[in-house]
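With the working numbering, the residue at position 109 of the sequence shown is 109, and numbering never jumps.
Single-structure report; data block below.
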Amino acid sequence: MIDLRKNSGLPIKEDGKYHLIFEGRLPKFKPAVRTIDEMKDVLLDKTLKEPKELYYMYRDVAFDEDRELEKKNQLRYDITIIKPDRLGKELMKTAGHYHPGNYPELYEVISGEAWCIQQKPSKEDFKKILDVIWIKAKTGDKIICLPGYGHILINPSKSQALITSNWVGTKFSSDYSLYCKAQGAAYLFLEENGKIKIQKNNFFSQVPPIREMYPNRKIEKFGLESGKPIYPLINTPEKLRFLNYPEEFDFADAFVTNA
Ligand SMILES: [Fe+2]
């Protein structure tokens, strides 16, 4: 059991079986489950049968009294629990998607360690990747998914679940199809003989070298500070305006080159 109150700002616990326990005035939510069958298209080894369940998505979590502000500002808050495991040789990962309309997203690591792989395709040809960023984040860190980039999350740990929360605008639905066509992200993260191996995905005609980055620990204009939960930002919705109006903001300070 992991108490997530301090890191999430919500009265929640993880029950030790990758599910959430909702306490206090928080309504109880049920997760959508991502199964291995649904992931076939984005896996290197398509014959895999285990693990049957990979991650659990609690979508649209909120206190009842925050619904009005969420609706007015077109915002949604989700929590995702990604199991610690391997997918054959591949590290445990999410399916990956793009945001139509190039909207960004805001993640925070509530528990565990997260690697977020973001990739920017050329507007003319999605097989041409112009930039790939590998963001290494630990508990308390915030990750901005940049406008115009697709993203996946990786749980590099074999023993510890990765629990993230995210704020995202409600004006679009995620597009998973390009990640399915490409059978994954621009780079594959594998473990071979106990070592992490990063391999280009041959589907793409152009993939630049991966850039290793870390989350910026403090971004004042977005109300972000490492260790400070993002749920309460609903009370200062102007800080989350960048999610629905990215053209008004500069994202150059989202990441730094040193931890
Ligand atoms: Fe997303």
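All C-beta atoms in this analysis are idealised placements derived from N, C-alpha and C, irrespective of residue type, glycine included.
Under 7 angstroms between C-beta atoms of residue i and residue j
i: lysine 84; j: serine 165; result: In the sequence on display, residue 84 carries proline and not lysine. In this structure, serine 165 does not lie closer than 7 angstroms to proline 84 by Cβ.
i: methionine 213; j: phenylalanine 255; result: yes
i: tyrosine 58; j: phenylalanine 29; result: yes
i: glycine 140; j: glycine 194; result: no
i: glycine 169; j: glutamine 74; result: yes
i: serine 157; j: glutamate 191; result: no
i: glutamine 206; j: lysine 128; result: yes
i: proline 229; j: serine 8; result: yes
i: asparagine 216; j: aspartate 253; result: yes
i: isoleucine 81; j: alanine 161; result: yes
i: tryptophan 167; j: leucine 224; result: no
i: isoleucine 36; j: lysine 17; result: no
i: isoleucine 234; j: aspartate 60; result: no
Residue nearest to residue i in terms of C-alpha spacing, selected from the options
i: cysteine 116; options: Leu44, Asp37 and Ile210; result: Ile210
i: valine 109; options: Pro208, Asp66, Lys142 and Pro31; result: Lys142
i: phenylalanine 172; options: Glu220, His97, Asn193 and Ile219; result: His97
i: aspartate 175; options: Ala95, Glu50 and Ile2; result: Ala95
i: aspartate 45; options: Phe189, Glu65 and Leu178; result: Phe189
i: serine 111; options: Ile12, Glu238 and Leu233; result: Ile12
i: leucine 146; options: Ile135, Ile81, Glu105 and Asp125; result: Glu105
i: glycine 150; options: Ile219, Glu38 and Lys120; result: Lys120
i: histidine 99; options: Glu38, Glu238 and Leu243; result: Leu243
Whole-angstrom distance between residue j and residue i, CA atom to CA atom
i: alanine 78; j: phenylalanine 204; result: Here residue 78 turns out to be aspartate, not alanine, going by the sequence shown. If you take the alpha carbons of aspartate 78 and phenylalanine 204, they lie about 31 angstroms apart.
i: tyrosine 107; j: tyrosine 231; result: 11 angstroms
i: alanine 32; j: leucine 54; result: 11 angstroms
i: glutamate 70; j: arginine 76; result: 7 angstroms
i: isoleucine 2; j: glutamate 14; result: 5 angstroms
i: isoleucine 133; j: glutamine 118; result: 5 angstroms
i: leucine 178; j: leucine 153; result: 16 angstroms
i: valine 42; j: glutamine 183; result: 4 angstroms
i: proline 27; j: aspartate 64; result: 8 angstroms
i: arginine 5; j: lysine 221; result: 25 angstroms
i: leucine 87; j: lysine 93; result: 8 angstroms
i: lysine 197; j: alanine 185; result: 14 angstroms
i: lysine 40; j: glutamate 90; result: 13 angstroms
i: tyrosine 187; j: glutamate 23; result: 39 angstroms
i: threonine 257; j: tyrosine 245; result: 26 angstroms
i: glutamate 124; j: glutamate 50; result: 37 angstroms
i: cysteine 180; j: glutamate 38; result: 10 angstroms
Any non-hydrogen atom of ligand 1 closer than 6 angstroms to residue i Cβ
i: glutamate 284; result: Beyond the ends of the chain as shown, which are 1 and 259, falls residue 284; an answer cannot be given.
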